[in-house]
Amino acid sequence: MNVRSQTMRMLLNAMNNVEQDWQRSGKPRDEMIDPGALVTVQCGDYCYEIASIGGDEDIDGFVIMLKPNPVGEWRGMEYIKHE
221 MNVRSQTMRM
231 LLNAMNNVEQ
241 DWQRSGKPRD
251 EMIDPGALVT
261 VQCGDYCYEI
271 ASIGGDEDID
281 GFVIMLKPNP
291 VGEWRGMEYI
301 KHE
């Protein structure tokens with residue numbers, strides 16, 4: 221599978237779409253992504269919370285720094301939340 225890398229604009233657009241759906245959609249809220257919920261990033265089978273976001277003068281581009289310990293993991297099709 222060839223997965224296209226995402227730009228900062230693509231990330232912003234996706235997040236704006238979630239917020240707009242939350243504000244304007246007539247769907248039940250429990251069927252939608254809550255824009256106020258914490259964001260996790262999946263890397264392999266593990267999910268991590270974001271520690272910080274922004275730029276860095278030594279790195280060309282937008283940086284998302286993750287917390288070191290996973291908050292959950294995928295085992296097959298089941299998500300296991302870590303306590």
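In the numbering used here, the protein residues as written are 221 to 303. We put the beta carbon where it would ideally sit given N, CA and C, even for glycine.
Top-ranked residue by Cα proximity to residue i, from the options
{"i": "residue 254", "options": "236, 265, 263, 271", "result": "236"}
{"i": "residue 298", "options": "266, 234, 276, 231", "result": "266"}
{"i": "residue 286", "options": "271, 232, 262, 247", "result": "271"}
Counterpart residues of residue i in DSSP-defined beta bridges
{"i": "residue 256", "result": "Beta-bridge pairing links residue 256 to no other residue."}
{"i": "residue 293", "result": "266, 300"}
{"i": "residue 245", "result": "DSSP, once it has assigned bridges, lists no residue as partnering residue 245."}
{"i": "residue 283", "result": "274"}
{"i": "residue 261", "result": "268"}
DSSP three-state assignment for residue i, whether helix, strand or coil
{"i": "residue 226", "result": "coil"}
{"i": "residue 278", "result": "coil"}
Cβ neighbours of residue i in the same chain (closer than 8 Å, five flanking residues each side left out)
{"i": "residue 300", "result": "292, 293, 294"}
{"i": "residue 241", "result": "247, 252, 253"}
{"i": "residue 249", "result": "242"}
Nonlocal neighbours in the same chain, by C-beta distance under 7 Å from residue i, ignoring five residues either side
{"i": "residue 275", "result": "282, 283"}
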